[in-house]
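What follows is a short report on a single structure.
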Amino acid sequence: MGYAVLHIDKARSNDSGNTAHIARTYTPSNVDPSRTHLNRELVQFPANVTNRSEAIEHRIATAGIYRKVAKNQVKALRFILSSSPKDMARIEQEGRLYEWCDESMDWLRSTFGADNVVAATLHADEETPHIHATVVPIVTGERRKAKEEAENGKRKYKTTKNKVRLCADDVLTPKKLEQYQTDYAKRVQRFGLERGVHGSEAKHRTTMEYYKEILKSTKEKEARKAELTAKIKELEKQAGKLRMKGSLYSLFGNPELDKAEKRIADLEQEAERQQYLSEKEKNEIRKEVVLLKDTVKGRDRAIAELKETVQVYEEERNWIKRFFNGFYQLLNIRLMLRKMNFSDDRIAEMYRTETPQRGTAKAYSGLYKREFTEEDSEIRIIKDEKKRPLLTINGLPITDWCEQKWKQLINRNRSHRL
Numbered sequence: 009m010g011y012a013v014l015h016i017d018k019a020r021s022n023d024s025g026n027t028a029h030i031a032r033t034y035t036p037s038n039v040d041p042s043r044t045h046l047n048r049e050l051v052q053f054p055a056n057v058t059n060r061s062e063a064i065e066h067r068i069a070t071a072g073i074y075r076k077v078a079k080n081q082v083k084a085l086r087f088i089l090s091s092s093p094k095d096m097a098r099i100e101q102e103g104r105l106y107e108w109c110d111e112s113m114d115w116l117r118s119t120f121g122a123d124n125v126v127a128a129t130l131h132a133d134e135e136t137p138h139i140h141a142t143v144v145p146i147v148t149g150e151r152r153k154a155k156e157e158a159e160n161g162k163r164k165y166k167t168t169k170n171k172v173r174l175c176a177d178d179v180l181t182p183k184k185l186e187q188y189q190t191d192y193a194k195r196v197q198r199f200g201l202e203r204g205v206h207g208s209e210a211k212h213r214t215t216m217e218y219y220k221e222i223l224k225s226t227k228e229k230e231a232r233k234a235e236l237t238a239k240i241k242e243l244e245k246q247a248g249k250l251r252m253k254g255s256l257y258s259l260f261g262n263p264e265l266d267k268a269e270k271r272i273a274d275l276e277q278e279a280e281r282q283q284y285l286s287e288k289e290k291n292e293i294r295k296e297v298v299l300l301k302d303t304v305k306g307r308d309r310a311i312a313e314l315k316e317t318v319q320v321y322e323e324e325r326n327w328i329k330r331f332f333n334g335f336y337q338l339l340n341i342r343l344m345l346r347k348m349n350f351s352d353d354r355i356a357e358m359y360r361t362e363t364p365q366r367g368t369a370k371a372y373s374g375l376y377k378r379e380f381t382e383e384d385s386e387i388r389i390i391k392d393e394k395k396r397p398l399l400t401i402n403g404l405p406i407t408d409w410c411e412q413k414w415k416q417l418i419n420r421n422r423s424h425r426l
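Have a look at this one:
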């Protein structure tokens with residue numbers, strides 16, 4: 009089994025830099041643009057909130073916190089949920105990636121509160137699919153220090169025990185951090201993942217970090233070699249002087265000269281050993297660099313081949329759209345109805361008879377960047393004047409229905425402000 013990865017760190021501001029990375033307002037070099045369409049937003053923002061940074065501020069403003077939030081206070085916790093590239097690829101190949109996302113989100117909401125989980129995004133366009141989640145550490149109750157003072161009899165005043173506070177320290181105690189790792193691993197165990205070793209001091213290192221450490225070690229050895237060479241020269245000078253003295257005392261022996269010459273021999277041997285190790289590590293690095301370059305070339309070739317394949321499919325799709333536009337529109341309608349849990353048989357019957365069906369309407373609008381839902385709606389497939397299929401909800405084409413839902417949302421927000 010692979011290991012479940014749960015990484016947590018703190019953000020002391022609205023974390024706009026990390027928001028830009030998560031929202032893909034710029035494209036990092038390690039992103040595969042052909043897979044960006046697989047990314048998913050896993051949390052729906054409140055009305056008038058358009059991104060993760062605004063969601064953090066909105067939660068803090070509406071939580072009813074009784075104390076002023078300090079400028080240097082931790083406002084959010086950044087979570088990364090994932091596993092090894094091999095295990096995440098296996099989960100995706102099994103068709104369970106979005107199921108793993110749902111399980112991870114359920115764990116976050118049940119552990120930290122649904123209202124506190126203000127943003128979450130699946131990144132499937134990097135080498136290892138992972139979730140970026142954001143939790144605002146809103147807690148209820150006394151501060152730990154105040155509670156300890158009350159238990160020790162030091163507090164002289166009464167305090168409310170159910171105050172709402174922004175406190176990352178209460179959420180990130182060592183005991184809780186260890187428990188989070190255990191609990192999360194249990195939740196995703198059915199995906200073939202398990203908890204890492206308890207108390208392990210192992211830390212993740214990137215390839216670049218590994219080679220930086222090797223190069224640093226090599227430079228340190230070269231510096232040590234230069235230092236040893238300087239010492240050898242100095243000792244040789246001392247030995248020359250001692251040999252001059254030795255000519256006077258040769259009959260009686262010269263222990264000081266013998267010690268110096270032995271020291272020189274030891275240092276020369278150490279210098280040779282250090283030089284051998286340094287050259288050996290340099291050769292290993294050169295081999296690794298060659299292998300990495302070959303790997304990059306192989307991936308570039310694979311990417312080029314995939315781009316050619318995608319281009320062929322795009323040309324075929326455009327040809328179908330040009331000459332069979334009605335069929336192409338019907339395919340899009342089928343995708344939307346499948347998301348509303350309509351079976352293919354039911355969709356075929358709706359198209360053939362134009363009979364309206366009732367159910368929960370659900371559609372994502374790229375214009376308004378949100379999903380609209382309405383229960384007990386009349387859903388129907390009709391044909392326009394050119395005999396092309398058209399999906400309607402409550403008698404409105406899907407685009408007009410989304411516009412209507414957007415206007416209703418705006419009006420509700422205005423009435424709440426009044």
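In this note's numbering, each residue carries its 1-based index in the sequence shown increased by 8. Glycine residues also receive a C-beta, built at the ideal position from the N, C-alpha and C atoms. Note that the structure is predicted; figures quoted are calculated from it, not measured.
Residue i in three-state terms, based on DSSP
| i | result |
| --- | --- |
| Gly334 | helix |
| Asp40 | coil |
| Pro145 | coil |
| Ser90 | strand |
| Thr400 | strand |
| Arg309 | helix |
| Asp17 | strand |
| Pro182 | helix |
| Arg354 | helix |
| Tyr219 | At Tyr219 the pLDDT is 41, less than 50, meaning the model places this residue with poor confidence and gives no usable figure here. |
| Thr27 | helix |
| Tyr359 | helix |
| His206 | coil |
| Ile99 | helix |
| Gln81 | coil |
| Leu197 | In the sequence under discussion, the amino acid at residue 197 is Gln, which differs from the Leu named in the question. Three-state result, Gln197: helix. |
| Val126 | strand |
| Ala369 | strand |
Distance, residue j Cα to residue i Cα
| i | j | result |
| --- | --- | --- |
| Phe87 | Leu116 | 10 Å |
| Ala69 | Pro41 | 36 Å |
| Phe120 | Glu382 | 29 Å |
| Arg378 | Ser21 | 26 Å |
| Lys413 | Asn419 | 10 Å |
| Lys233 | Pro93 | 41 Å |
| Asn421 | Glu107 | 33 Å |
| Lys290 | Arg271 | 29 Å |
| Ile328 | Tyr321 | 10 Å |
| His424 | His66 | 16 Å |
| Phe380 | Glu386 | 15 Å |
| Met216 | Arg307 | A caution first: Met216 carries a pLDDT of 47, below 50, which makes its placement in the model too unreliable to give a value. |
| Pro364 | Arg388 | 4 Å |
| Leu236 | Glu242 | 10 Å |
| Thr303 | Ile293 | 15 Å |
| Gly149 | Pro54 | 26 Å |
| Pro36 | Lys394 | 45 Å |
| Val39 | Arg281 | 44 Å |
| Arg360 | Glu323 | 30 Å |
| Gly200 | Ser112 | 14 Å |
| Ala273 | Ala279 | 10 Å |
| Lys288 | Ser118 | 53 Å |
Integer-rounded CB distance, given that residue j should sit under 8 Å from residue i
| i | j | result |
| --- | --- | --- |
| Lys245 | Leu275 | At roughly 14 Å, the Cβ-Cβ gap does not stay under 8 Å, so Lys245 and Leu275 are not in contact. |
| Leu89 | Val13 | 7 Å |
| Pro73 | Val172 | Residue identity differs from the one stated: residue 73 is Ile in this sequence, not Pro. That pair is a contact at about 5 Å. |
| Ala19 | Val82 | 7 Å |
| Gly204 | Gln189 | 7 Å |
| Tyr11 | Glu202 | 6 Å |
Candidates the options, of which the one nearest residue i by Cα
| i | options | result |
| --- | --- | --- |
| Val147 | Ala127, Val126, Asn170 and His138 | Asn170 |
| Asp178 | Gly204, Val126, Glu242 and Ala84 | Ala84 |
| Ser24 | Lys94, His138 and Thr142 | Thr142 |
| Thr27 | Arg60, Ser373, Glu296 and Asp384 | Arg60 |
| Leu174 | Val13, Asn80, Glu362 and Phe380 | Asn80 |
| Ala193 | Ser91, Leu300 and Pro36 | Ser91 |
| Ser373 | Glu411, Asp95 and Gln52 | Glu411 |
| Asp110 | Ala31, Gly403 and Arg198 | Arg198 |
| Asp392 | Thr317, Glu362 and Gln319 | Glu362 |
| Pro137 | Met358, Lys295, Arg43 and Asn124 | Arg43 |
| Glu357 | Tyr336, Ala279 and Ile390 | Ile390 |
| Gln283 | Gly10, Glu228, Asp95 and Tyr11 | Glu228 |
| Leu57 | Asp384, Lys415, Lys394 and Tyr376 | The displayed chain sequence assigns Val, not Leu, to residue 57. Comparing Cα-Cα distances from Val57 to each of Asp384, Lys415, Lys394 and Tyr376, the minimum goes to Tyr376. |
| Asp114 | Val39, Asp191, Asp95 and Leu417 | Asp191 |
| His140 | Ala31, Val298, Leu339 and Tyr359 | Ala31 |
| Asn124 | Ile64, Val297 and Ile355 | Ile64 |
| Met9 | Val196, Arg75, Ala231 and Arg325 | Val196 |
Meets three-Cβ-pair contact criterion under 8 Å: the segment 177–191 and the segment 100–109:
no
I want to know whether the segment 46–54 touches the segment 129–138 - three or more CB-CB distances under 8 Å.
yes
With a cut-off of 8 Å, do at least 3 Cβ pairs link the segment 342–359 to the segment 382–402?
yes
Just checking, does the segment 351–370 make contact with the segment 311–318 on the three C-beta pairs under 8 Å criterion?
no
Taking contact to mean 3 or more Cβ pairs, one atom from each stretch, closer than 8 Å, check whether the segment 403–410 and the segment 348–359 are in contact.
no
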